[in-house]
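All remarks here apply to the structure that follows.
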Amino acid sequence: MAEPVNLYIVLPCYNEEEILRKSAEKILNLYNRLLDDQTIRPESRMIFVDDGSKDRTWEIICSLHRSNKVFCGIRLSGNRGHQIALFSGMVYSAEQGADCVITIDADLQQDIEAVPEFLKKYSEGCDIVYGVRDSRDTDSFFKKTTATAYYKFMNFLGCDLIEQSADYRLLSNRAVKALSSYKENNLFIRGLVPTMGFQSDVVTFHVSAREAGESKYTLRKMISLALNGITSFSIRPIRLVSLMGMIVFVISLIMMILTLVDHIRGVTVPGWSTLTISIWFLGSVQLLSLGVIGEYVGRTYMETKNRPRYFISEKTGVGDD
Ligand code: UDP
Ligand code: MG
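Under my numbering, the sequence shown has 55 at position 47, and the numbering climbs by one with no breaks.
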């Protein structure tokens, strides 16, 4: 049987007073079960990250801690968003000596019964285990279609997202350390994790409806997350400008020939040929130049992120005892 692990579960909370106690009770059940069958060690903890809530969330977290020390909390100084809340919770857990960290939404919409499966994959040697939802039945039609289209679009842009993966995943201690070496401010964890490498696997889970409270992901937050994903992983939109420039340039050549033919046949009003040719030609030159400039700006942007180039996943012969 595998050694018990020191597991930390990170739950980001933003104005979750209505559901927090219910979730805590559920997760405590799971904790006790895992403890009984010696899957996890007694040092394991649940970390609630209060993402600058305006309601009683932090008081509830404190009272949960008083009732049972397996509940812990950290509080961000303001609302920094889901991604940063997750990130801070994971980094904190790794600092506390967690062997692995699982992140899950505080509303526990994701099925917590997948946790033992995550841990099984971890004991088999995975550093990253992705939770992949089995369906999107509980989502509204709007969310379902936009999310699916978004994943397709991101793949087209060259960012390899794991399809239908949510921010429900397990990272080993060293995977969290690797993730924390990404210095960018605009975090899109879903996109970053696959770029790290390491051995990984997938666990499917079911999503149920929210039991209390409302979604804290407003449309504005969703759009900002989506734009973050696109702009932090791809400079392909800039390339599309260059491509457009080239297409317009070809059109301008065709227009030039057509206008000249018309001009020679004498079926145009004076001045029309020169105007038409100039508009198309200048337009294409401008678009092309923008694309060229954009290419440099884009590269500068990518370089300023100072992303780590590689992570060592195994070593032999050096630093061994
Ligand atoms: N959340 C957060 N900061 C925010 C918005 C949301 O930490 O600014 C948390 C929220 O408390 C929840 C998780 O992110 O634990 C997912 O949010 P929610 O359940 O509202 O999103 P949905 O399930 O509707 O996509
Ligand atoms: Mg939710």
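Idealized CB from N, CA, C, for every residue including glycine.
Counted within 10 angstroms of its Cβ, other Cβ atoms place residue i as buried (16 or more) or exposed
{"i": "valine 137", "result": "buried"}
{"i": "valine 256", "result": "buried"}
{"i": "aspartate 135", "result": "buried"}
{"i": "lysine 129", "result": "buried"}
{"i": "phenylalanine 149", "result": "exposed"}
{"i": "threonine 65", "result": "buried"}
{"i": "tyrosine 22", "result": "buried"}
{"i": "glutamate 222", "result": "exposed"}
{"i": "glutamate 342", "result": "It is not possible to answer for residue 342, since the shown part of the chain is limited to 9 through 329."}
{"i": "glutamate 11", "result": "exposed"}
{"i": "isoleucine 285", "result": "buried"}
{"i": "serine 216", "result": "exposed"}
{"i": "tryptophan 280", "result": "exposed"}
{"i": "glutamine 118", "result": "buried"}
{"i": "arginine 53", "result": "buried"}
{"i": "leucine 179", "result": "buried"}
{"i": "lysine 224", "result": "buried"}
{"i": "valine 78", "result": "buried"}
{"i": "glutamine 46", "result": "exposed"}
Opening and closing residue of the beta strand (DSSP E) in which residue i lies
{"i": "phenylalanine 213", "result": "208-213"}
{"i": "glycine 139", "result": "136-141"}
Residue i, enclosing alpha helix (DSSP H) - first and last residue
{"i": "leucine 290", "result": "280-312"}
{"i": "serine 188", "result": "181-188"}
{"i": "asparagine 8", "result": "With the chain covering 9 to 329 only, the question about residue 8 has no answer from this structure."}
{"i": "lysine 323", "result": "Note, lysine 323: premise wrong, no alpha helix (DSSP H); not H, not E."}
{"i": "lysine 224", "result": "That residue, lysine 224, is in no alpha helix (DSSP H); it is neither H nor E in DSSP."}
{"i": "proline 245", "result": "244-273"}
{"i": "threonine 276", "result": "Element bounds for threonine 276: n/a, residue is neither H nor E."}
{"i": "arginine 155", "result": "Rather than arginine, the amino acid found at residue 155 in this sequence is alanine. Start and end: 149-164."}
Residue i and residue j closer than 8 Å at C-beta
{"i": "leucine 296", "j": "serine 250", "result": "yes"}
{"i": "leucine 36", "j": "alanine 106", "result": "no"}
{"i": "methionine 98", "j": "leucine 187", "result": "yes"}
{"i": "histidine 214", "j": "aspartate 147", "result": "no"}
{"i": "leucine 38", "j": "aspartate 58", "result": "no"}
{"i": "glycine 335", "j": "isoleucine 120", "result": "For residue 335 there is no data in the structure shown, the boundaries of the chain being 9 and 329."}
{"i": "proline 124", "j": "isoleucine 170", "result": "no"}
{"i": "arginine 177", "j": "glycine 237", "result": "no"}
{"i": "alanine 114", "j": "isoleucine 27", "result": "yes"}
{"i": "valine 184", "j": "alanine 102", "result": "yes"}
{"i": "glutamate 25", "j": "isoleucine 68", "result": "yes"}
{"i": "cysteine 108", "j": "valine 13", "result": "yes"}
{"i": "glycine 205", "j": "phenylalanine 319", "result": "yes"}
{"i": "proline 50", "j": "leucine 42", "result": "no"}
{"i": "serine 208", "j": "leucine 116", "result": "no"}
When the options are compared against residue i, the one with the closest alpha-carbon
{"i": "serine 75", "options": "Glu33, Leu298, Met230", "result": "Glu33"}
{"i": "alanine 174", "options": "Ile197, Thr153, Arg182", "result": "Ile197"}
{"i": "valine 305", "options": "Tyr176, Pro12, Arg244", "result": "Arg244"}
{"i": "glycine 60", "options": "Asp44, Ser52, Cys80, Gly89", "result": "Gly89"}
{"i": "asparagine 181", "options": "Ser232, Thr284, Thr111", "result": "Thr111"}
{"i": "serine 260", "options": "Gly325, Val293, Arg29", "result": "Val293"}
{"i": "phenylalanine 126", "options": "Ile69, Ile17, Met162", "result": "Ile17"}
{"i": "valine 211", "options": "Phe161, Ser52, Ala122", "result": "Ala122"}
{"i": "tyrosine 190", "options": "Asn314, Asp44, Glu322", "result": "Asn314"}
{"i": "leucine 165", "options": "Phe319, Ile246, Glu303, Thr276", "result": "Ile246"}
{"i": "asparagine 194", "options": "Met310, Pro20, His73", "result": "Met310"}
{"i": "tyrosine 159", "options": "Leu235, Asp145, Met254, Tyr100", "result": "Leu235"}
{"i": "lysine 152", "options": "Val300, Met230, Gly302, Val326", "result": "Met230"}
{"i": "glycine 86", "options": "Val78, Lys77, Ser96", "result": "Ser96"}
{"i": "glycine 299", "options": "Thr312, Gly325, Met252", "result": "Met252"}
{"i": "methionine 254", "options": "Leu268, His271, Gly274, Trp288", "result": "Trp288"}
{"i": "proline 316", "options": "Thr154, Glu192, Leu233", "result": "Glu192"}
{"i": "threonine 154", "options": "Gly291, Leu233, Pro278", "result": "Leu233"}
{"i": "phenylalanine 161", "options": "Thr226, Gln91, Ser242", "result": "Ser242"}
{"i": "serine 71", "options": "Asn163, Arg29, Glu303", "result": "Arg29"}
{"i": "tyrosine 100", "options": "Pro20, Thr282, Asp270", "result": "Pro20"}
{"i": "glutamate 303", "options": "Thr267, Leu248, His73", "result": "Leu248"}
heavy atom of the ligand GTP below 7 Å from residue i C-beta
{"i": "serine 223", "result": "As far as ligands go, the structure on display features the ligand UDP and the ligand MG and does not contain the ligand GTP."}
> What are the start and end residues of each continuous beta strand (DSSP E) run of 3 or more residues lying completely inside the stretch 11-62, in chain order?
Replying inline: Qualifying beta strand (DSSP E) stretches, in chain order: 15-21, 53-58.
>> Which runs of the alpha helix (DSSP H) at least 4 residues long sit entirely within the stretch 56-142? Give them in chain order.
In response: Taking only runs of at least 4 residues, the alpha helix (DSSP H) segments lying wholly in the stretch 56-142 are 65-75, 90-103, 123-131.
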